[in-house]
Amino acid sequence: GAGVSQSPSNKVTEKGKDVELRCDPISGHTALYWYRQSLGQGLEFLIYFQGNSAPDKSGLPSDRFSAERTGGSVSTLTIQRTQQEDSAVYLCASSSPIAWGNTEAFFGQGTRLTVV
Amino acid sequence: GESVGLHLPTLSVQEGDNSIINCAYSNSASDYFIWYKQESGKGPQFIIDIRSNMDKRQGQRVTVLLNKTVKHLSLQIAATQPGDSAVYFCAEGGYNKLIFGAGTRLAVHP
Chain A
404 GAGVSQSPSN KVTEKGKDVE LRCDPISGHT ALYWYRQSLG QGLEFLIYFQ
454 GNSAPDKSGL PSDRFSAERT GGSVSTLTIQ RTQQEDSAVY LCASSSPIAW
504 GNTEAFFGQG TRLTVV
Chain B
31 GESVGLHLPT LSVQEGDNSI INCAYSNSAS DYFIWYKQES GKGPQFIIDI
81 RSNMDKRQGQ RVTVLLNKTV KHLSLQIAAT QPGDSAVYFC AEGGYNKLIF
131 GAGTRLAVHP
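Which chain is which? The protein sequence lines are A and B, in order.
Here my numbering = 1-based position in the first sequence + 403.
Here my numbering = 1-based position in the second sequence + 30.
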């Protein structure tokens, strides 16, 4: 597609339920990021995928959070047993690093998750 | 380090004035830097980038300055307009993931 696509755009879920958030990166981009952004706050890094390398999971806040990237393209962020503090906007970004380093990351519009 | 749950500092400027948003980066090995603009309800959008072999780069109404000695990055916006009101993030990178700063909210007053 033309840009990074995230779905759903909004998700309301009951506390304790599991949710899956989807990210379709820009075609050909080997790097994919997930961030979380609470209202009025900065970007909280969650996880980073780059090609076939082991993902950098250092930002995942608890073992209730996990992410996969199948076939080097689409990624799914799963939150199990959701809690109210998980309410936030979840942003996905992708980039295409070049031989000498990073390039800009392109962001999706985010998924607004509300846990009630 | 990573940006985690920080309340954003705010820079208030008058319409027409120049704005300077500052960022201190953490890794002296970083060689690529980006500024993003995030408007309310949207994802961050790329503004301008700079590599470490440069100390200044200009775009349309924006200039990025890089001081590697003190690990400092700044974004200058000329003749600030109401449409510039947003949150601005810097990011640093090398061969690994991009790392984002905490962000600064720019409020433009008429």
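No residue lacks a Cβ here, since even glycine has one placed at the ideal position from N, Cα and C.
Computed from a prediction, not measured in an experiment: that's the story for all the values here.
With respect to the C-alpha of A/A491, the residue from A/A405, A/R425, A/L446, A/E507 having the closest C-alpha is A/L446. Contact annotation: B/Y118 and B/I51 have beta-carbon atoms nearer than 9 angstroms. For A/D427, same chain residues with a beta-carbon under 6 angstroms away, outside a window of 5 residues either side, are S408, V477 in chain order. Rounded to the nearest whole angstrom, the C-alpha separation of A/S461 and B/S104 is 28 angstroms.
Leaving aside the five residues that flank A/T416 on each side, the residues in its chain whose CB is nearer than 8 angstroms to its CB run, in chain order, V422, T485, L516, T517, V518, V519. One thing to note: B/A108 has its Cβ no nearer than 9 angstroms to the Cβ of B/V94. When DSSP states are grouped into helix, strand and coil, A/Q487 belongs to the helix group. Cβ-Cβ separation between A/G454 and A/T473: approximately 14 angstroms, too far for a contact (criterion under 8 angstroms). Of B/V43, B/A54, B/T99, the smallest CA-CA separation from B/N83 is found for B/T99.
Rounded to whole angstroms, the Cβ separation of A/E507 and B/D114 is 20 angstroms, and the two are not in contact under 8 angstroms.
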